[in-house]
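Asker: Respectively, the protein sequence lines represent chains A and Z.
If you count by our numbering, then the first sequence holds residues -7 to 326, one letter each, in order.
If you count by our numbering, then the second sequence holds residues -7 to 326, one letter each, in order.
Glycine included, every Cβ here is placed at the ideal spot set by N, Cα and C.
So that we are looking at the same thing, I have put the structure below in structure tokens.
Protein chains: 2
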Amino acid sequence: MAKTIVAVDCMGGDNAPGEIVKGAILAANKNKKILVKLVGIEDAIKAELAQYTYDEAQVEIVPATEVIETAEPPVIAIRTKTDSSLVKAMKLVKEGEAHAVVTAGSTGATLVGGQLLVGRIPGVKRPPLAPLIPTNKKPALLIDCGANVDAKPQNLVQFAKIGSVYMENVIGVKNPRVAIVNIGAEEEKGNALVKEAYGLLSIENDINFVGNVEARDIPNGDVDVIVCEAFVGNVILKLYEGVGAVLLKKVKSALMSNIKTKVGALLIKSKLKETLKDFQLEQYGGAPLLGLNGLVVKTHGSSKANEIKNSVLQCVRFNEMEINKKIQEKLSDN
Amino acid sequence: MAKTIVAVDCMGGDNAPGEIVKGAILAANKNKKILVKLVGIEDAIKAELAQYTYDEAQVEIVPATEVIETAEPPVIAIRTKTDSSLVKAMKLVKEGEAHAVVTAGSTGATLVGGQLLVGRIPGVKRPPLAPLIPTNKKPALLIDCGANVDAKPQNLVQFAKIGSVYMENVIGVKNPRVAIVNIGAEEEKGNALVKEAYGLLSIENDINFVGNVEARDIPNGDVDVIVCEAFVGNVILKLYEGVGAVLLKKVKSALMSNIKTKVGALLIKSKLKETLKDFQLEQYGGAPLLGLNGLVVKTHGSSKANEIKNSVLQCVRFNEMEINKKIQEKLSDN
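Okay, here's the thing in structure tokens:
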């Protein structure tokens, strides 16, 4: 099988370019079927590359002289910074010179660039950003999380289908259970958007729709594809992080409160760390922006090499499983 | 000062009537200025009362023969079960024979009954349900959490004002900081509802509006009144519970994994429990349904005596501080 080509935005994120280049090389060294195109300021990338051993046939540098900062207005940044690492990486996908982009840069610019530069698969109305979130069982796909506010019921139906394809083929969940986020388990509950989407989802034959999921039950992990509009998805994603961080801070302060608890802490520390690792959002790599002519993976702004590595490896499976073709088929089913 | 009269729905909730009656008596015994009217099936209430010592001048029984179950459609239940404990308790407020209702019964029936039976303060468009939620600092008021889906921007402005009055006068937070839940900190972010509400909130002089709050930052506790429409509020409230519960389950399983961790667990257990207690939603008592001609406090369905007691005590401060008069003044300010 041909190589999967991943354009890596080496200038985006808090730890660019060091951790980004490192992550790309780790991925290339792990999987010989990857070619990474490192996009960014040439000298900076070369200086980083000098530290590593890798197969030169797997690594290319694509020079870009500009950098899009997090605070820049996304549309203006994408339109005017044509020699930025993000714009050039996305153009590689558009022009068929890469299968995917991985970026830790501005979320706004990534979403805008995905739509304007990479472009949508025919039939996809709004490309959803769909991170995996930890649960008490297996991770679940939260779709959509930031790309499209004020969504319509039909958009949510597409999210359900796109998410089902992703979970089945990339994550390997057979017949993934799809639920819509609502404020009660009963069918008649919810706002106008959710009620109408519920009706549409119920009559779809090619997804495994199981009904409403209340926010309280999301962390239990009983559904695989969690459908919601972007505002609600964003609240869920961010609150997961926020509540987790504050609770862990509280646990730590309890462990450090006196001699007795400090001794106890030594005994439980490694086990506790291991258990809680499952519940960290970062470990699942970046969030794919789905429904595009190619794949765009947005990693955390604070990504380190490991998250970049996992995100690049994710692109291989996405490419080899022909996810976009499957999404297109699913959407044209009815 | 005259007594505060609280109608307690003794038949609502998982632990009715035992824990409900017990909680009401605990409150009466704690504060001599309370008169509790215990509404429900007379024999059942009498049997519970027989276990306690209390001042008979502080306790009355108001017989009601019916019970509204959680699963009943709210509007039908309120309209047809006219001799239910919830309907009778609410009618006591409407008729001026009680200042407040405390119920652990059906949320839906409570919200409907509040509007239909107790009635709104003139000028209040939609009465918000506003629980206190724990944060890393002081608790914050989450307003609205369940009463009104598909809210309008003007409703959110009222929530901000009503919430400010509550936090300032009931909880004692001077000049409470008000923020609106959004998907970014910048003014231009968000959906149509939030953008328009942001504009309206910015030009209000009589609230301390500090801008957007992202869901990630809610648990930090840097704002006092968290304004959102009910769907989002419900998601925040429920996810708080859900993420907290799963994380604690994980911590517990780590502590129980082997002999070493079990010894460690013994050393940290009491301190950990004490620290995490601050982060349990139940400890803040019930959620007030605000903007009504009286006060309705909805406690958790699983409420035990302590939550009922705290909720009854909350009504005293609400009544003595003349919160409804203050809300009415605030709303008529511009």
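Quick one: what does DSSP say ASN197 (chain A) is sitting in, helix, strand or coil?
Answerer: DSSP places ASN197 (chain A) in coil when its eight states are reduced to three.
Asker: Can you list, in chain order, the residues of its chain whose CB lies under 6 Å from that of GLY225 (chain Z), leaving out five sequence neighbours each side?
Answerer: Within the same chain, GLY225 (chain Z) has close Cβ partners LEU134, ASP136, CYS137.
Asker: Go ahead and label PRO114 (chain Z) buried or exposed: buried means 16 or more other beta carbons lie within 10 angstroms of its beta carbon, across all protein chains shown.
Answerer: Answer is exposed; the Cβ neighbour count stays below 16.
Asker: Taking 8 Å as the limit between beta carbons, can you name the residues of its chain near ILE17 (chain A), skipping five residues before and five after?
Answerer: If we look at ILE17 (chain A) and ignore the five residues flanking it on each side, its Cβ neighbours are VAL28, LEU41, TYR44, TYR46, VAL51.
Asker: Any beta-carbon of chain Z closer than 9 Å to the one on ALA279 (chain A)?
Answerer: Not one chain Z Cβ lies under 9 Å of ALA279 (chain A).
Asker: Compute the distance between the beta-carbons of SER76 (chain A) and MET159 (chain A), then report whether it is under 9 Å.
Answerer: No, they are not a contact pair.
Asker: Could you pull the DSSP bridge partners for SER76 (chain A) from this structure?
Answerer: SER76 (chain A) pairs with A:GLU58.
Asker: Straight-line CA distance for GLU331 (chain A) to GLU299 (chain A)?
Answerer: With chain A covering only -7 through 326, there is no way to say anything about residue 331 (chain A).
Asker: Take GLY111 (chain Z) and list the residues in its own chain whose beta-carbon comes closer than 8 Å to its own, dropping the five residues that flank it on each side.
Answerer: Correct list, in chain order: LYS86, LEU284, ASN285.
Asker: Among A:VAL288, A:LYS301, A:GLY191, whose alpha-carbon lies nearest the alpha-carbon of LEU103 (chain A)?
Answerer: Ranking A:VAL288, A:LYS301, A:GLY191 by Cα distance to LEU103 (chain A) puts A:VAL288 first.
Asker: Under 9 Å between C-beta atoms, does SER294 (chain A) make it to chain Z?
Answerer: Not an interface residue.
Asker: In whole angstroms, what is the alpha-carbon distance linking LYS153 (chain Z) and ILE172 (chain Z)?
Answerer: Their backbone Cα atoms lie some 12 Å apart in a straight line.
Asker: Taking the alpha carbon of ASN200 (chain Z) as the point to measure from, which residue in Z:GLU206, Z:VAL215, Z:GLY236 has its own alpha carbon closest?
Answerer: Closest option to ASN200 (chain Z), Cα to Cα, is Z:VAL215.
Asker: What is the DSSP secondary structure of PRO114 (chain A), counted as helix, strand or coil?
Answerer: DSSP places PRO114 (chain A) in coil when its eight states are reduced to three.
Asker: Report the neighbours of ASP142 (chain A) on chain Z: residues whose CB is nearer than 7 Å to its CB, in chain order.
Answerer: Those within 7 Å of ASP142 (chain A) in chain Z are ASN183, ALA184.
Asker: Listed from N- to C-terminal order along the chain, which residues in the segment 190 to 210 of chain A have their beta-carbon within a distance smaller than 7 Å of any beta-carbon of chain Z?
Answerer: From the segment 190 to 210 of chain A, only GLU206, ALA207, ARG208, ASP209, ILE210 have a Cβ closer than 7 Å to chain Z.
Asker: Compute the Euclidean distance between the alpha carbons of ALA70 (chain Z) and GLU48 (chain Z), then round it to the nearest angstrom.
Answerer: Looking at the sequence provided, one finds Ile at residue 70 (chain Z) rather than Ala. Roughly 31 Å separates the two Cα atoms.
Asker: Between the Cα of LYS14 (chain Z) and those of Z:ASN302, Z:SER324, Z:GLN306, spot the shortest distance and give me the residue it belongs to.
Answerer: Of the listed residues, the one whose Cα sits closest to LYS14 (chain Z) is Z:ASN302.
Asker: Output, in chain order, the set of chain A residues within a Cβ distance shorter than 7 Å of GLU233 (chain Z).
Answerer: Simply ARG208.
Asker: Skipping 5 residues on each side, what residues in its chain have a beta carbon closer than 7 Å to that of LEU259 (chain A)?
Answerer: Here the set comprises nothing.
Asker: Name the chain Z residues that come within less than 8 Å of GLY236 (chain A), Cβ to Cβ?
Answerer: In chain order: VAL235, LEU239.
Asker: May I have a chain-ordered list of the beta strand (DSSP E) segments no shorter than 3 residues that lie completely inside the segment 192 to 261 of chain A?
Answerer: List check, beta strand (DSSP E) in window: 200 to 206, 217 to 219.
Asker: Mind checking the segment 123 to 155 of chain A against chain Z and listing, in chain order, the residues whose C-beta falls within less than 8 Å of any C-beta there?
Answerer: Within the segment 123 to 155 of chain A, the qualifying residues are THR127, ASN128, GLY138, VAL141, ASP142.
Asker: So ASP1 (chain Z) and VAL94 (chain Z) are in contact, right, with Cβ under 8 Å, and what is the actual spacing, rounded?
Answerer: Going by Cβ atoms, the distance from ASP1 (chain Z) to VAL94 (chain Z) rounds to 7 Å, so yes, they are a contact pair.
Asker: Taking C-beta pairs closer than 8 Å, name the residues in chain Z that ASN302 (chain A) reaches, listed in chain order.
Answerer: The premise fails here: ASN302 (chain A) is roughly 22 Å from chain Z at the closest Cβ pair, so nothing lies under 8 Å.
Asker: Alpha carbon to alpha carbon, how far is ASN204 (chain A) from ASN316 (chain A)? Give it in angstroms, no decimals.
Answerer: Cα to Cα, the separation comes out at about 27 Å.
Asker: Is LYS322 (chain Z) helix, strand or coil by DSSP?
Answerer: The answer is helix: DSSP assigns LYS322 (chain Z) an H, G or I state.
Asker: Beta-carbon separation of LYS73 (chain Z) and ILE53 (chain Z) under 9 Å?
Answerer: Contact flag unset, no.
Asker: Would the beta-carbon of VAL162 (chain Z) fall within 9 Å of that of MET313 (chain Z)?
Answerer: The answer is yes: Cβ separation under 9 Å.
Asker: Taking all protein chains shown into account, decide if VAL67 (chain Z) is buried (16 or more other Cβ within 10 angstroms of its Cβ) or exposed.
Answerer: Per the 10 Å Cβ criterion, exposed.
Asker: Does any residue of chain A have a CB that is nearer than 9 Å to the CB of THR95 (chain Z)?
Answerer: No, its Cβ sits nowhere closer than 9 Å to a Cβ of chain A.
Asker: Which one of Z:GLY32, Z:THR99, Z:LEU268 has the shortest CA to CA distance from ALA279 (chain Z)?
Answerer: Among Z:GLY32, Z:THR99, Z:LEU268, the Cα nearest to that of ALA279 (chain Z) belongs to Z:THR99.
Asker: Taking the DSSP output, what are the residues bridged to ILE(-3) (chain Z)?
Answerer: DSSP output for ILE(-3) (chain Z) lists Z:LEU27 as bridge partner(s).
Asker: So what does DSSP say about PRO168 (chain A), is it helix, strand or coil?
Answerer: PRO168 (chain A) falls in the coil class under three-state DSSP.
Asker: With burial defined as no fewer than 16 other Cβ atoms inside 10 Å of the residue's Cβ, what is the status of GLN146 (chain A): buried or exposed?
Answerer: Exposed, by the Cβ-count rule.
Asker: Just the chain A side, please: which residues come within less than 8 Å of PHE271 (chain Z) by C-beta, in chain order?
Answerer: Chain A residues near PHE271 (chain Z): VAL238, LEU239, LYS242.
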